[in-house]
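Chemist: Heads up: the sequence shown at position 222 corresponds to 222 in UniProt numbering, and the numbers run straight through without jumps.
Glycine included, each C-beta is placed from N, C-alpha and C at the ideal position.
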Amino acid sequence: MMPDTRSHRGAAPKDESLFDEHALPALRDAVVELSWLLTRGYSDTSALALVGNRHSLTARQRTAVMRCACTDAQREQRRARALPLDAIRDRDVEIDGFNALIVGESALSGGLVLVGRDRAHRDLASVHGTWRRVSETSQVIVAIGEALARAAPRSIRWHLDRPVGNSGRLRALLAEIAEAHGWSWATDLDDAPDRVLAASSSIIATGDGWILDRASGWIDLPAAVIAAHPGAWIVDLAP
Numbered sequence: 001m002m003p004d005t006r007s008h009r010g011a012a013p014k015d016e017s018l019f020d021e022h023a024l025p026a027l028r029d030a031v032v033e034l035s036w037l038l039t040r041g042y043s044d045t046s047a048l049a050l051v052g053n054r055h056s057l058t059a060r061q062r063t064a065v066m067r068c069a070c071t072d073a074q075r076e077q078r079r080a081r082a083l084p085l086d087a088i089r090d091r092d093v094e095i096d097g098f099n100a101l102i103v104g105e106s107a108l109s110g111g112l113v114l115v116g117r118d119r120a121h122r123d124l125a126s127v128h129g130t131w132r133r134v135s136e137t138s139q140v141i142v143a144i145g146e147a148l149a150r151a152a153p154r155s156i157r158w159h160l161d162r163p164v165g166n167s168g169r170l171r172a173l174l175a176e177i178a179e180a181h182g183w184s185w186a187t188d189l190d191d192a193p194d195r196v197l198a199a200s201s202s203i204i205a206t207g208d209g210w211i212l213d214r215a216s217g218w219i220d221l222p223a224a225v226i227a228a229h230p231g232a233w234i235v236d237l238a239p
């Protein structure tokens with residue numbers, strides 16, 4: 001396998017055609033249909049296969065549809081628990097580090113950013129095995145730091161997946177940028193950060209659906225990054 005030498009976390013070669021204006025109606029219909037099936041108890045795998053085959057979706061399009069769909073109950077509960085940044089003053093915030101960072105990197109490098117039924121921003125560039133710094137990494141961290149500084153939470157704690165390669169380097173970079181800007185935050189390397197975040201009573205910064213279903217309140221940090229740097233490629237697949 002050739003090493004990944006990209007300097008940006010941008011769009012995949014065929015994304016422009018897979019998610020253009022002509023493709024959006026079928027993708028949005030697929031999100032509606034998949035959500036309907038999930039609401040009625042169908043399994044993720046069988047429901048996605050049924051909907052994907054019906055609309056002749058590619059594997060990448062199916063992944064996008066899956067990330068944007070959820071049951072009706074999940075949509076209502078997640079939206080009800082979503083908080084604006086100005087609601088976190090003097091509260092504890094814990095960040096799903098790779099989740100927030102990679103969506104932000106995708107947004108600033110011209111990659112596809114999805115908005116689903118729950119209104120969370122998500123990407124199609126998940127980390128598998130090893131995280132690699134790209135040109136936009138520091139810019140995203142600074143944008144997140146500036147947004148949080150304005151919001152003035154009581155404490156900020158980043159959580160990174162210890163098993164992911166280079167997580168230690170990212171931890172060092174977060175500390176370096178925080179020191180340069182006078183920000184106070186902690187960074188933990190966790191074997192299972194999803195479980196740590198899901199069990200926390202703090203405000204959680206994530207777009208991970210499994211965590212959102214368990215968080216008492218959550219914020220969307222990629223949305224703050226995008227607001228500070230207009231021009232991102234946002235594909236809203238919610239009906």
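1. Just tell me which of Ser216, Ile226, Gly10 and Ala215 has its CA closest to the CA of Gly111.
2. Just mark Gly168 as buried or exposed, buried being the case when its beta carbon has 16 or more other beta carbons within 10 Å.
3. Can you check the region 3-53 for any alpha helix (DSSP H) of at least 4 residues that lies completely inside it and give the ranges in chain order?
4. Can you tell me whether DSSP reads Ile141 as helix, strand or coil?
5. Here's the rule: buried if 16 or more other CB atoms are within 10 angstroms of the residue's CB, otherwise exposed. What is Leu24?
6. Which partner residues of Gly165 appear in the DSSP bridge assignment?
7. For the beta strand (DSSP E) holding Ala198, just list the boundary residues, first then last.
8. Taking the DSSP output, what are the residues bridged to Asp220?
9. Can you list, in chain order, the residues of its chain with a C-beta nearer than 7 Å to that of Ser200? Leave out the 5 residues immediately preceding and following it.
10. Give the DSSP bridge partners of Ser155, in chain order.
11. Spell out whether any CB of chain D is found under 8 Å from the CB atom of Ala100.
Modeler: Based on what the coordinates show:
1. Gly10
2. exposed
3. 15-18 and 24-39
4. helix
5. exposed
6. Thr130
7. Note, Ala198: premise wrong, no beta strand (DSSP E); alpha helix (DSSP H) at Pro193 to Ala198.
8. Asp220 is not bridged to any residue.
9. Glu94
10. Asp92
11. Annotation note: the requested chain D is absent from the structure, which comprises a single protein chain.
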